[in-house]
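Trainee:
Residue numbers (full-length UniProt numbering): 1 to 266.
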């Protein structure tokens, strides 16, 4: 039995299996990465997207945010085979939750609107499905009013900002903010508590397409390992958590995850 077969067997036997995903899962869909060669932060100054800049200069922040949004989302992105495999494992009953650092919303697309959760960890109006999607760093497709907390589709708000409404505001008068964790922000407490709880409860913890260097999310594999979970890492490059993993696969996520799903249903 090879490593992937052993991992599939562990998932089949698990009461709770959890996946944790990073930019390496969405890159095959064409979503730009933030760091590395030709990353977004090679073209933009990340300091201009910090929370203190938003508070100090919301109009200037939104001017730069429009350019960033268009650089990232001018293309139409779709879930790739890796997203689809994880969604299918959820439908099969073999995956309890997907915790993601990505803000592109592709896991929600793959799972279906009913399974997507908002960035505060609470279900949206569509309710529950088999798999929880917990967006640790929020969702770039949405905006949120800083006063009333109202969330809505971000594209019309970006267009209002592009047309000169700087900053764009809610009906209540509050300023809209991208519904993501900006530099200088803390992860929402509810999100972090839920993520840590799922890591502790997991029997199998899959870390996929993440360099596992951004805290506090990157500590989740170690937390899972500390409570006895089988930890597996799928990433093309070494990570600081490789030492706690029972399985480390240096493979393309769009190839290995569909194979894993097939093996869990065999």
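Idealized CB from N, CA, C, for every residue including glycine.
Helix, strand or coil for residue 4, going by three-state DSSP, please let me know.
Mentor: As a working mapping, residue 4 is identified with position 4 in the chain shown. If DSSP states are grouped into helix, strand and coil, residue 4 belongs with the helices.
Trainee: Return the CA-CA distance between residue 150 and residue 4, expressed in angstroms with no decimal places.
Mentor: Sequence index remark: in the chain shown, residue 150 carries index 150 (1-based). Sequence index remark: in the chain shown, residue 4 carries index 4 (1-based). Each residue's alpha carbon lies about 44 Å from the other.
Trainee: Where does residue 267 sit, in a helix, a strand or coil, going by DSSP?
Mentor: With the chain represented from 1 up to 266, any question about residue 267 goes unanswered, as that position is not in the structure.
Trainee: With DSSP as the reference, label residue 199 as helix, strand or coil.
Mentor: The residue you call residue 199 lines up with position 199 of the chain shown. The answer is helix: DSSP assigns residue 199 an H, G or I state.
Trainee: CB residue 25 to CB residue 94, shorter than 8 Å?
Mentor: Reading the chain shown from its first residue, position 25 is the one you call residue 25. Reading the chain shown from its first residue, position 94 is the one you call residue 94. No, the pair does not count as a contact, with Cβ atoms beyond the cut-off.
Trainee: Are there 16 or more other CB atoms within 10 angstroms of the CB of residue 67, so buried, or fewer, so exposed?
Mentor: Looking up residue 67 in the chain shown gives position 67. Exposed, since its Cβ has fewer than 16 Cβ neighbours within 10 Å.
Trainee: Per DSSP, residue 33 forms a beta bridge with which residues?
Mentor: To locate residue 33, count along the chain shown from 1; it is residue 33. According to DSSP, residue 33 bridges with nothing at all.
Trainee: Given a cut-off of 8 Å, decide if residue 21 and residue 210 are closer than it, judged by their beta-carbon atoms.
Mentor: As a first step, residue 210 is located in the chain shown; it is residue number 210 there, counting from the start. As a first step, residue 21 is located in the chain shown; it is residue number 21 there, counting from the start. Yes; because the gap between Cβ atoms is below 8 Å, this pair is in contact.
Trainee: Measure the CB-CB distance between residue 256 and residue 245 and report whether it falls below 8 Å.
Mentor: Locating residue 256 in the chain shown gives position 256, where the first residue counts as 1. Locating residue 245 in the chain shown gives position 245, where the first residue counts as 1. No; because the gap between Cβ atoms is not below 8 Å, this pair is not in contact.
Trainee: CB-CB under 8 Å to residue 65, same chain, minus the five flanking residues each way: which ones, in chain order?
Mentor: One-based indexing of the chain shown puts residue 65 at position 65. Same-chain partners within the cutoff: 49, 158, 161, 178.
Trainee: Along the chain, where does the beta strand (DSSP E) that runs through residue 135 open and close?
Mentor: The residue you call residue 135 lines up with position 135 of the chain shown. Where residue 135 is concerned, the enclosing beta strand (DSSP E) stretches over 132 to 135.
Trainee: Per DSSP, what kind of secondary structure is residue 240 in: helix, strand or coil?
Mentor: Residue 240 sits at position 240 when you count from the first residue of the chain shown. Correct three-state label for residue 240: coil.
Trainee: Can you tell me where the beta strand (DSSP E) holding residue 178 begins and where it ends?
Mentor: What you label residue 178 is simply residue 178 of the chain shown in a count that begins at 1. From DSSP, the beta strand (DSSP E) with residue 178 extends over 176 to 180.
Trainee: Would you decide whether residue 213 is buried or exposed? Buried here means 16 or more other CB atoms lie within 10 Å of its CB.
Mentor: For the purposes of this step, residue 213 is identified with residue 213 of the chain shown, where counting begins at 1. It counts as exposed.
Trainee: Note down the Cα distance separating residue 137 from residue 180, rounded to an integer number of angstroms.
Mentor: Taking the chain shown and counting its residues from 1, one reaches residue 137 at position 137. Taking the chain shown and counting its residues from 1, one reaches residue 180 at position 180. Distance between the alpha carbons of residue 137 and residue 180 is about 6 Å.
Trainee: For residue 216, count neighbouring C-beta atoms within 10 Å of its own C-beta (all shown protein chains included) and say buried if the count is 16 or more, exposed if not.
Mentor: In the chain shown, residue 216 corresponds to position 216, counting from 1. Residue 216 is exposed by the Cβ-count criterion.
Trainee: With distances taken from CA atoms, which of 79, 108, 71 is nearest residue 42?
Mentor: One-based indexing of the chain shown puts residue 42 at position 42. Residue 71 is the option with its Cα nearest to residue 42.
Trainee: Within its chain, find whatever has a CB closer than 7 Å to the CB of residue 265; leave out the 5 residues flanking it on each side and keep chain order.
Mentor: Against the chain shown, residue 265 aligns to sequence position 265. Only 92 meet the Cβ criterion.
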